[in-house]
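Here is the structure we will look at.
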Ligand SMILES: C[S@@+](CC[C@H](N)C(=O)[O-])C[C@H]1O[C@@H](n2cnc3c(N)ncnc32)[C@H](O)[C@@H]1O
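Residue numbers (our numbering): 1297 to 1579.
Structure, rendered in structure tokens:
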């Protein structure tokens, strides 16, 4: 499976399309980094999420409209095998993806911080953001990771990565985080931005938002989990989403437990969320 190349003529349009919701200068409540792990209150997580995302009713409306448009244009990515879902994402324009992903972005600012709370080390860490899309989940990671952390986003669609590279990734203190990207399928060996194979036991946190639960059936998730096990350090965290269309929470936990992971927490963005992100630790 070879990622589709971007025509240079598309670049200005792609780069001009940025998230309409993100306000990096918005006031947030501080994360306590004085102990070995970050500590955040539930109130602070919700406050930051409200500052960084838009109104839920507008988001739901926008997503419904974008979903309708991609379905009418035969670009639907839902309930498709992984290779077909990847092709559907490649066929979308950036506005369509922004609309499709708006609810995911809203959920990311709630689910991921809950899973990281009291679990992510306060010291700088090495992070991989699987299926990072245009970098919206990467923004959440950049906010919560300690200054000096390094984040690598892996994504199949090179056009999404052009937009991802054009974003700012402010840490909590406003300084830019160290973020890089590689265009690849995450069902292949993980590689960094220079195409170097990531070494064994070299990563502290591997994250997936809006991917495994929607686009990976259990056999694909098994392949992904083996590669996660290879690159994650002992004691490292894997925050992986689950859902009915791809790999359910039950299947996900079965796969990771068989590879020697324990379940630390399960997070949902709200009671109505049909997807659960599971926080695993490699023993
Ligand atoms: C719903 S988006 C989520 C993007 C991002 N994680 C976020 O939360 O904003 C799903 C992403 O998974 C990517 N994807 C799906 N299958 C993939 C694969 N096998 N390898 C890499 N990326 C993949 C798609 O291209 C798309 O960008």
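Think of the CB as a built atom: it goes at the ideal place given N, C-alpha and C, for glycine as much as any other residue. No experiment lies behind these values; they were computed from the predicted model shown.
According to the neighbour-count rule (16 or more other Cβ atoms, all chains shown, within 10 Å of its Cβ), is residue 1572 buried or exposed? Locating residue 1572 in the chain shown gives position 276, where the first residue counts as 1. Residue 1572 counts as buried, since no fewer than 16 other beta carbons sit within 10 angstroms of its beta carbon.
Which full runs of the alpha helix (DSSP H) of 4+ residues lie inside the segment 1394-1456, going along the chain? Counting whole runs of 4 or more residues, the segment 1394-1456 contains the alpha helix (DSSP H) stretches 1398-1412 and 1432-1440.
Residues near residue 1569 in its chain [Cβ-Cβ closer than 7 Å; skip 5 each side]: Translated into the one-based positions of the chain shown, residue 1569 becomes position 273. Short of 7 Å from the beta carbon of residue 1569, and not among the five residues preceding or following it, lie these beta carbons of its own chain, in chain order: 1403.
The alpha helix (DSSP H) with residue 1380 in it runs from where to where? Here residue 1380 refers to the residue found at position 84 of the chain shown. 1378-1387 is the extent of the alpha helix (DSSP H) around residue 1380.
beta-carbon residue 1397 near ligand 1 non-hydrogen atom, thresh 7 Å: The residue labelled residue 1397 in the question sits at position 101 within the chain shown. Answer for residue 1397: yes, Cβ within range of ligand 1.
Here's the rule I'm using: 16 or more other beta-carbon atoms within 10 Å means buried, otherwise exposed. How should residue 1358 be labelled? Start at 1 with the first residue of the chain shown, and residue 1358 comes out as number 62. With 16 or more Cβ atoms within 10 Å of its Cβ, residue 1358 is classed as buried.
Are there 16 or more other CB atoms within 10 angstroms of the CB of residue 1535, so buried, or fewer, so exposed? The count along the chain shown starts at 1 and reaches residue 1535 at position 239. Around the beta carbon of residue 1535, 16 or more other beta carbons lie within 10 angstroms, which makes this residue buried.
Among the candidates 1448, 1552 and 1368, whose CA atom is the shortest distance from the CA of residue 1537? Working through the chain shown from its first residue, we reach residue 1537 at position 241. Checked all of 1448, 1552 and 1368; the closest Cα to residue 1537 is 1552.
Helix, strand or coil for residue 1521? Go by DSSP, reduced to three states. Counting from 1 along the chain shown, the entry for residue 1521 is found at position 225. Note: residue 1521 maps to helix in three-state DSSP.
Buried or exposed by the 16-neighbour rule on C-beta atoms within 10 Å, applied to residue 1330: Counted from its first residue, the chain shown places residue 1330 at position 34. Exposed, since its Cβ has fewer than 16 Cβ neighbours within 10 Å.
Buried or exposed by the 16-neighbour rule on C-beta atoms within 10 Å, applied to residue 1318: For the purposes of this step, residue 1318 is taken as residue 22 along the chain shown, with counting starting at 1. Here the model assigns residue 1318 a pLDDT of 46, short of 50, so the residue's position is not dependable, and the following value carries that caveat. Of the residues assessed, residue 1318 falls on the buried side of the cut-off, its CB having 16 or more other CB atoms within 10 angstroms.
So, at 6 Å on beta carbons, what are the nonlocal neighbours of residue 1484 in its own chain, with the 5 sequence-adjacent residues on each side left out? Taking the first residue of the chain shown as 1, we reach residue 1484 at position 188. Annotation for residue 1484: no residue places its beta carbon closer than 6 Å to its own, counting only its chain and skipping 5 residues before and after.
Going by DSSP, what residues sit across from residue 1495 in a beta bridge? In the chain shown, counting from the first residue as 1, residue 1495 sits at position 199. In the DSSP assignment, residue 1495 is bridged to no other residue.
Using C-beta distances below 8 Å, list every residue in its chain close to residue 1417, excluding the 5 sequence neighbours before and after it, in chain order. By one-based count along the chain shown, residue 1417 stands at place 121. If we look at residue 1417 and ignore the five residues flanking it on each side, its Cβ neighbours are 1332, 1333, 1334, 1442 and 1500.
Measure the alpha-carbon distance for residue 1528 versus residue 1477 and round it to whole angstroms. Here residue 1528 is taken as the residue at index 232 of the chain shown, counted from 1. Here residue 1477 is taken as the residue at index 181 of the chain shown, counted from 1. About 18 Å.
Can you grab the Cα-Cα spacing for the pair residue 1398 / residue 1405, in whole Å? Within the chain shown, residue 1398 is the residue found at index 102, counting from 1. Within the chain shown, residue 1405 is the residue found at index 109, counting from 1. The alpha-carbon separation between residue 1398 and residue 1405 amounts to approximately 11 Å.
Measure the C-alpha to C-alpha separation of residue 1389 and residue 1382 and round it to an integer number of angstroms. For the purposes of this step, residue 1389 is identified with residue 93 of the chain shown, where counting begins at 1. For the purposes of this step, residue 1382 is identified with residue 86 of the chain shown, where counting begins at 1. Residue 1389 and residue 1382 have their C-alpha atoms some 13 Å from each other.
For residue 1355, which of helix, strand or coil comes out of DSSP? As a first step, residue 1355 must be located in the chain shown, where it is residue number 59. In the three-state scheme derived from DSSP, where H, G and I count as helix and E and B as strand, residue 1355 is classed as helix.
How would you write the range of the beta strand (DSSP E) that residue 1562 sits in, first residue to last? As a working mapping, residue 1562 is identified with position 266 in the chain shown. Boundaries of the beta strand (DSSP E) harbouring residue 1562: 1557-1563, taken from the DSSP string.
Presumed contact (8 Å Cβ cut-off) between residue 1557 and residue 1523, rounded CB distance: The residue given as residue 1557 occupies position 261 in the chain shown. The residue given as residue 1523 occupies position 227 in the chain shown. Contact doesn't hold; Cβ gap of about 14 Å is too wide.
Alpha-carbon to alpha-carbon, residue 1564 and residue 1400: Counted from its first residue, the chain shown places residue 1400 at position 104. Counted from its first residue, the chain shown places residue 1564 at position 268. Taking the CA atoms as reference points, residue 1400 sits about 12 Å from residue 1564.
Does the beta-carbon of residue 1353 have 16 or more other beta-carbons within 10 angstroms, so that it is buried, or is it exposed? Locating residue 1353 in the chain shown gives position 57, where the first residue counts as 1. Exposed, by the Cβ-count rule.
Compare the C-alpha of residue 1366 against each of 1549, 1396, 1555 and 1414 and name the closest. On the chain shown, residue 1366 is found 70 positions in, with the first residue counted as 1. When each option's Cα is compared against that of residue 1366, the closest is 1396.
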